[in-house]
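First to last, the sequence lines map onto chains A and B.
Just so you know, the first sequence maps onto residues 9 to 195 in my numbering.
Just so you know, the second sequence maps onto residues 9 to 195 in my numbering.
There are 2 protein chains.
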Amino acid sequence: MQLQKLPTVGPKTAQRLAFFMLTLPDFETNQIAEAIMEVKKHLSDCNICGTITDINPCHICSNPRRDQQIICVVEQSDDLWAIERTETHKGLYHVLGGVLSPLDGIGPDSLRMSDLFKRVHNNNVKEVILATNWDTEGQATALFLTQQLEKYPVSVTRIAYGIPVGGDLEYIDEVTLAKALEGRRAM
Amino acid sequence: MQLQKLPTVGPKTAQRLAFFMLTLPDFETNQIAEAIMEVKKHLSDCNICGTITDINPCHICSNPRRDQQIICVVEQSDDLWAIERTETHKGLYHVLGGVLSPLDGIGPDSLRMSDLFKRVHNNNVKEVILATNWDTEGQATALFLTQQLEKYPVSVTRIAYGIPVGGDLEYIDEVTLAKALEGRRAM
């Protein structure tokens, strides 16, 4: 069953979706099928940052009011949108398309890293913000990029570890609390 | 029923506990009752930092190997223990006993603030780390303390806002993500 290939859809949900579609009139199932084909037809990866977009370059890369000298590096397009929703990042993005994971055979060449180095080199970028996830692989990828970017005259920063807003100290894991103490800042 | 006064114990749990105690032999119920009385007899607030302790001053305040010039300010004793478990803070603590909350009638005089200022003044303290919770009241208390501490030659720091360890950007609330970006640090 093709529907099982989708994330969060297992055999039971797939069966339920299939039976539901059998109850729909033909034109509605056709609409769904066409929409699925349209997705691939109209969307592509931005040639510059690599995010999923309907125009190329994407709305962010082609916006002259964004700061061209700051690039925020994320793992996937959905991370880019999470940061965009905060409305605090005024620069551009670079989507790696994943993280380093030697066991899965994902090395630097499988990710969009060389494109990043070219952008940094050609556009006189002054800051690269590493916003990969705070897990082992995201952290390893950030460290690798830091080493590689040492060759360029660019400052490399990492989003902060710490207590989430509204968090109660008592319920926060010890590693995060230790990082929050270590990363304390002047008031 | 007296047991209902305890936190997390509602009428049903209280009834269950009471029936359980009826099944215990007398000496065991007496042990429980004695332990409850002992708690109040042997434990008190540390004269220096205000944490709950069995000796006075507490183990931390009386430990000469702790850095006497760094004080970490927390709301309650359980926050102190949360930080102690991280094994990263080498200084002393100061337990406020709550947070500023004008609507509940809790002002600066209801908290152990003047004791803190005396400690800072008398002991040549060089850093006060504000580790109140990251909620509205904890934050307001931290700002108030910062203003009050401006009179003293002490640096005032705040534990870091940010992404908890292992956190996935996509699932983190926007305010935390904005703060993590704002608080980014050089690699």
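Note that beta-carbon positions come from the ideal geometry of N, C-alpha and C, so glycine has one too.
From a predicted model like this one, the values you see are computed outputs, not experimental measurements.
Among the residues of its own chain, which have a CB less than 7 Å from the CB of residue i, if the five just before and after it don't count?
| i | result |
| --- | --- |
| residue 109 (chain A) | 145 |
| residue 85 (chain A) | 59, 60, 103 |
| residue 8 (chain A) | Since the first and last residues shown for chain A are 9 and 195, residue 8 (chain A) lies out of range. |
| residue 148 (chain B) | 108 |
| residue 55 (chain A) | 64, 65 |
How many angstroms separate the CA atom of residue i from the CA atom of residue j?
| i | j | result |
| --- | --- | --- |
| residue 87 (chain A) | residue 188 (chain B) | 14 Å |
| residue 71 (chain B) | residue 130 (chain B) | 18 Å |
| residue 57 (chain A) | residue 151 (chain A) | 20 Å |
| residue 43 (chain B) | residue 36 (chain B) | 11 Å |
| residue 95 (chain B) | residue 186 (chain A) | 8 Å |
| residue 20 (chain B) | residue 29 (chain B) | 14 Å |
| residue 3 (chain B) | residue 53 (chain B) | Because chain B here runs from 9 to 195, residue 3 (chain B) falls outside it and cannot be looked at. |
| residue 171 (chain B) | residue 190 (chain A) | 14 Å |
| residue 139 (chain B) | residue 155 (chain B) | 16 Å |
| residue 47 (chain B) | residue 175 (chain A) | 30 Å |
| residue 117 (chain B) | residue 124 (chain B) | 12 Å |
| residue 100 (chain A) | residue 181 (chain A) | 33 Å |
| residue 179 (chain A) | residue 93 (chain A) | 27 Å |
| residue 17 (chain A) | residue 11 (chain A) | 7 Å |
| residue 75 (chain A) | residue 67 (chain A) | 14 Å |
| residue 83 (chain A) | residue 22 (chain B) | 51 Å |
| residue 126 (chain B) | residue 112 (chain B) | 26 Å |
| residue 51 (chain B) | residue 143 (chain A) | 41 Å |
| residue 14 (chain A) | residue 32 (chain A) | 21 Å |
Report the CB separation of residue i from residue j in whole angstroms; it is logged as a contact under 8 Å.
| i | j | result |
| --- | --- | --- |
| residue 136 (chain A) | residue 81 (chain A) | 6 Å |
| residue 195 (chain A) | residue 166 (chain B) | 5 Å |
| residue 168 (chain A) | residue 192 (chain B) | 6 Å |
| residue 141 (chain A) | residue 177 (chain B) | 6 Å |
| residue 183 (chain B) | residue 173 (chain A) | 5 Å |
For residue i, which residues in the same chain have their Cβ closer than 6 Å to its Cβ, ignoring the five residues on either side in sequence?
| i | result |
| --- | --- |
| residue 119 (chain A) | 104, 105, 106 |
| residue 133 (chain A) | 77, 79, 162 |
| residue 97 (chain B) | 80, 91 |
| residue 122 (chain B) | none |
| residue 164 (chain B) | 136, 154, 157 |
| residue 41 (chain A) | none |
Between residue i and the rest of its own chain, which residues show a CB-CB distance below 8 Å, the 5 nearest in sequence each way excluded?
| i | result |
| --- | --- |
| residue 114 (chain A) | 106, 107, 108 |
| residue 128 (chain B) | 79, 136, 157, 160, 162 |
| residue 63 (chain A) | 70 |
| residue 45 (chain B) | none |
| residue 34 (chain B) | none |
Which partner residues does residue i have in the DSSP bridge list?
| i | result |
| --- | --- |
| residue 127 (chain B) | Residue 127 (chain B) pairs with nothing; no bridge assigned. |
| residue 53 (chain B) | B:60 |
| residue 40 (chain A) | Answer by DSSP bridge pairing: none, since residue 40 (chain A) is not bridged. |
| residue 109 (chain A) | A:114 |
| residue 194 (chain A) | B:165 |
**Report entry** Any alpha helix (DSSP H) of 4 or more consecutive residues that is wholly inside the region 134-181 of chain A
**Finding:** Within the region 134-181 of chain A, the complete alpha helix (DSSP H) runs of at least 4 residues are 144-157.
Query - 4 or more residues per run - each alpha helix (DSSP H) lying fully within the region 59-104 of chain A - result: The region 59-104 of chain A is shown to contain whole alpha helix (DSSP H) runs of 4 or more residues at 85-94, in chain order.
Query raised in the report: When you check each C-beta in the region 126-143 of chain A against every C-beta of chain E, which residues fall closer than 8 Å?
Result: You won't find chain E in this structure, because its protein chains are A and B.
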